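Written below as structure tokens is the structure these notes are about.
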Amino acid sequence: MTIVRYEPWALLSRFQRQFERAVGESADGAGAASVSWIPHVDVREEAERFVVAADVPGVEGKDIEVTADKGVLTIRGERRSESKTSADGFERVERATGTFLRRFTLPESADAEAIKARHVNGVLEVTIPKRPQEQARRISVQAA
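Residue 995, in the numbering used here, is where the sequence shown stops; the numbers in between run on with no holes.
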């Protein structure tokens, strides 16, 4: 018997990308056609935080913008092309350049005011702390 790992969010993510390509625009009106490439990301939940790690090799930190607005985390930026002329002959370019955009809906437990981001060795790591859980309290019932 073969064990297959079930990843329901992968299907939803793929559907969202296909939908945005078909419609030609993203939720905020910025055209999906203006996005040149999509960085790969890992998202994980830990006890005290969520972590989003995006592969953005060749992108400088000053060219990355991370925002959180109305429960949506947005990562956008640009990988600039190297301006060099090749007069020696053949050249093949496979690395994508231009703008990128990724959006994630923040869970209700996320503390959007305390989000931090750092860019090291081509990886952007966005840390989203969780708000402390409210503890249930006992309410006394008064007899009439």
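The beta-carbon is built from N, C-alpha and C at its ideal position, and this holds for glycine as well.
Predicted model, so just to flag it, every value in this text is computed and none were measured.
For residue i, the first and last residue of its enclosing beta strand (DSSP E)
| i | result |
| --- | --- |
| V892 | 892-896 |
| D988 | The question names Asp, but residue 988 is Arg in the sequence shown. Segment: none, R988 is in no beta strand (DSSP E) and carries neither H nor E. |
Residue i - partner residues in DSSP beta bridges
| i | result |
| --- | --- |
| R927 | E916, L952 |
| L801 | The structure shown has nothing for residue 801, since the chain only spans 852 to 995. |
| K981 | A961 |
| R900 | P980 |
Proximity below 9 Å, CB of residue i to CB of residue j
| i | j | result |
| --- | --- | --- |
| R953 | A898 | no |
| R930 | R943 | no |
| V902 | E964 | no |
| L924 | I979 | yes |
| R927 | I915 | yes |
| S887 | T948 | yes |
Secondary structure of residue i, DSSP reduced to three states
| i | result |
| --- | --- |
| A965 | helix |
Check whether the region 962-970 touches the region 908-920, taking contact to mean three or more Cβ pairs, one atom from each stretch, closer than 8 Å.
Yes, the region 962-970 is in contact with the region 908-920.
Do the region 953-966 and the region 915-924 touch if we need at least three Cβ pairs shorter than 8 Å?
A contact between stretches requires three or more CB pairs, one per stretch, nearer than 8 Å, and the region 953-966 meets this requirement with the region 915-924.
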